[in-house]
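2 protein chains.
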Amino acid sequence: MQEPVKDIAGYTYGAQEIPQSPVSLTDLEQLKMSVGFTDEDVIYLALAGEVLADQTRSIVDHWRSGIIAGIPHLARHSRGLDGQALPDYLARSNRRFEQWILDTCRRPYDQDWLNYQQEIAVRHTSIKKNRTDQVISTPYIPLRDIIVFITVMNDTIRPHLAAKGHAVDDVDKMHAAWRRSMQLQIALFAKPYADPAFGLNEW
Amino acid sequence: MQEPVKDIAGYTYGAQEIPQSPVSLTDLEQLKMSVGFTDEDVIYLALAGEVLADQTRSIVDHWRSGIIAGIPHLARHSRGLDGQALPDYLARSNRRFEQWILDTCRRPYDQDWLNYQQEIAVRHTSIKKNRTDQVISTPYIPLRDIIVFITVMNDTIRPHLAAKGHAVDDVDKMHAAWRRSMQLQIALFAKPYADPAFGLNEW
Numbered sequence: 000m001q002e003p004v005k006d007i008a009g010y011t012y013g014a015q016e017i018p019q020s021p022v023s024l025t026d027l028e029q030l031k032m033s034v035g036f037t038d039e040d041v042i043y044l045a046l047a048g049e050v051l052a053d054q055t056r057s058i059v060d061h062w063r064s065g066i067i068a069g070i071p072h073l074a075r076h077s078r079g080l081d082g083q084a085l086p087d088y089l090a091r092s093n094r095r096f097e098q099w100i101l102d103t104c105r106r107p108y109d110q111d112w113l114n115y116q117q118e119i120a121v122r123h124t125s126i127k128k129n130r131t132d133q134v135i136s137t138p139y140i141p142l143r144d145i146i147v148f149i150t151v152m153n154d155t156i157r158p159h160l161a162a163k164g165h166a167v168d169d170v171d172k173m174h175a176a177w178r179r180s181m182q183l184q185i186a187l188f189a190k191p192y193a194d195p196a197f198g199l200n201e202w
Numbered sequence: 000m001q002e003p004v005k006d007i008a009g010y011t012y013g014a015q016e017i018p019q020s021p022v023s024l025t026d027l028e029q030l031k032m033s034v035g036f037t038d039e040d041v042i043y044l045a046l047a048g049e050v051l052a053d054q055t056r057s058i059v060d061h062w063r064s065g066i067i068a069g070i071p072h073l074a075r076h077s078r079g080l081d082g083q084a085l086p087d088y089l090a091r092s093n094r095r096f097e098q099w100i101l102d103t104c105r106r107p108y109d110q111d112w113l114n115y116q117q118e119i120a121v122r123h124t125s126i127k128k129n130r131t132d133q134v135i136s137t138p139y140i141p142l143r144d145i146i147v148f149i150t151v152m153n154d155t156i157r158p159h160l161a162a163k164g165h166a167v168d169d170v171d172k173m174h175a176a177w178r179r180s181m182q183l184q185i186a187l188f189a190k191p192y193a194d195p196a197f198g199l200n201e202w
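Heads up: the sequence lines are chains A and B, in that order.
Residue 0 is where the first sequence starts when you use numbering that gives the first Met the number 0, and the numbers rise one by one after that.
Residue 0 is where the second sequence starts when you use numbering that gives the first Met the number 0, and the numbers rise one by one after that.
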């Protein structure tokens, strides 16, 4: 089911240049236990990947244009410092955003996945935001906004999970697996913000 | 609807000794926007408070004895360092846990609430864990476990929200309001962990 990833600017999943995550596979196993993530969730995420594959563009457009664009303290993070639009930046990060939906559903949650989770996290902080796309924008996205916006994503993904006519029980299970994965990823995204080695003040 | 809080050991909501939160009411308003928390959620949380009022003990017992007790890396945080049970510690923190469910539903999200959110957060870190109850236990609860366990609480609260025979649509709205509040609170609980003023290494 794994489709080859088309050329996506700045998308470096599995690349040698991605450093090893400070989060271990043992940490990940414990997180999966704490969040209640099971082998059944892997199966239902794979199904979600099939269901969402041709919807990622409209999902990301809805999140970006339908929601984030209307919330100034969120919208500014993909704009210039004076508020001007940066269409190329938005387009590039949207393509990675789309791919992240598929990676959530299809990638094995292994060392490569952990490494790229850390890379995604760091790209939200002042350590690396803007650098991938060579833009001048806000220096970081506050951790608190990443944490809370997940709830909006969780609420709005459901109709997309139901869009291919699956039984309500299957949609429920896809949705529960999605929410568990999201919260697991939020924990991983919090790592650099809470890491005194970086000394960030970006809550 | 606000019932007087019975004497709960270590429960100091609104007390003068609670420091002002470093999180401002402006931050809170922005977080509410980011998570999609509206006045309708306040109404449905109040309804949830009525529904849950006589169920808090069984809910907390389920979380503690039914789930956390079976996950060693979580259970250890209410035990002694050699793993022995600390029944008084557990009983005291469970009573506060119960009250927190009601506070989630009934308290206005104002400065007192923000201050106590920060107090709860700090009591999970090495700054203050164990001190309220004068026990010797693990020095802190890792931020990552707090983040992910919320999903389990969100999943398991739903039957309790439905237990008083409300229409499915009302249960859905209570549940959505609960999830938004939980994620808002997770953002607030992350604050001390991500605050370089504390320099914690407790992800």
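Note that beta-carbon positions come from the ideal geometry of N, C-alpha and C, so glycine has one too.
Quiz item: Between residue 189 of chain A and residue 186 of chain B, which are expected to be in contact by the criterion C-beta below 8 Å, what is the C-beta distance as a whole number of angstroms?
Solution: Wrong, their Cβ atoms sit about 10 Å apart, outside the cutoff.
Practice problem: Given a cut-off of 8 Å, decide if residue 78 of chain A and residue 125 of chain A are closer than it, judged by their beta-carbon atoms. | Solution: no
Self-check item: Which listed residue (B/167, B/119, B/86 and B/176) has its alpha carbon closest to that of residue 153 of chain B
Solution: B/176
Exercise. Alpha carbon to alpha carbon, how far is residue 59 of chain B from residue 46 of chain A? Give it in angstroms, no decimals.
Key: 33 Å
Quiz item: What is the rounded straight-line gap between the Cα of residue 180 of chain B and the Cα of residue 192 of chain A?
Solution: 22 Å
Exercise. Please name the residue or residues paired with residue 78 of chain B in a DSSP beta bridge.
Key: B/84
Self-check item: Coil, strand or helix - residue 141 of chain A by DSSP
Solution: coil
Quiz item: Is residue 179 of chain B close to chain A, meaning its C-beta is less than 8 Å from at least one C-beta of that chain?
Solution: yes
Self-check item: Cut-off 8 Å between Cβ atoms - residues of its own chain near residue 162 of chain B, not counting five sequence neighbours on either side
Solution: 50 and 54
Quiz prompt | chain A contact residues for residue 33 of chain B, given Cβ-Cβ distances below 7 Å | solution = 70, 73, 144, 147 and 148
Self-check item: Closest by C-alpha distance to residue 30 of chain A, when choosing among B/118, B/71 and B/61
Solution: B/71
Quiz item: Going by other Cβ atoms of all chains shown within 10 Å of its Cβ, with 16 needed for buried, is residue 141 of chain B buried or exposed?
Solution: buried
Quiz item: Hey, does residue 202 of chain A have any beta-carbon neighbour from chain B nearer than 8 Å?
Solution: yes
Quiz item: Considering only residues of the same chain and omitting the five flanking positions on each side of residue 138 of chain B, which have a CB-CB separation below 8 Å?
Solution: 125, 128 and 129
Quiz item: Does DSSP classify residue 136 of chain B as helix, strand or coil?
Solution: coil
Self-check item: Pairwise C-alpha distance: residue 39 of chain A and residue 0 of chain A
Solution: Unreliable positioning characterises residue 0 of chain A in this predicted model, as indicated by a pLDDT of 44, which lies under 50. The coordinate reading is nonetheless provided below. Straight-line Cα distance between these residues: approximately 17 Å.
Exercise. Give a yes or no on whether 8 Å exceeds the smallest Cβ distance from residue 190 of chain B to chain A.
Key: yes
Practice problem: Using the Cα positions of residue 43 of chain B and residue 104 of chain B, report the straight-line distance between them to the nearest angstrom. | Solution: 8 Å
Practice problem: Measuring only between beta-carbons, confirm whether residue 151 of chain A sits less than 8 Å from chain B. | Solution: yes
Self-check item: residue 197 of chain A - DSSP class collapsed to helix/strand/coil
Solution: coil
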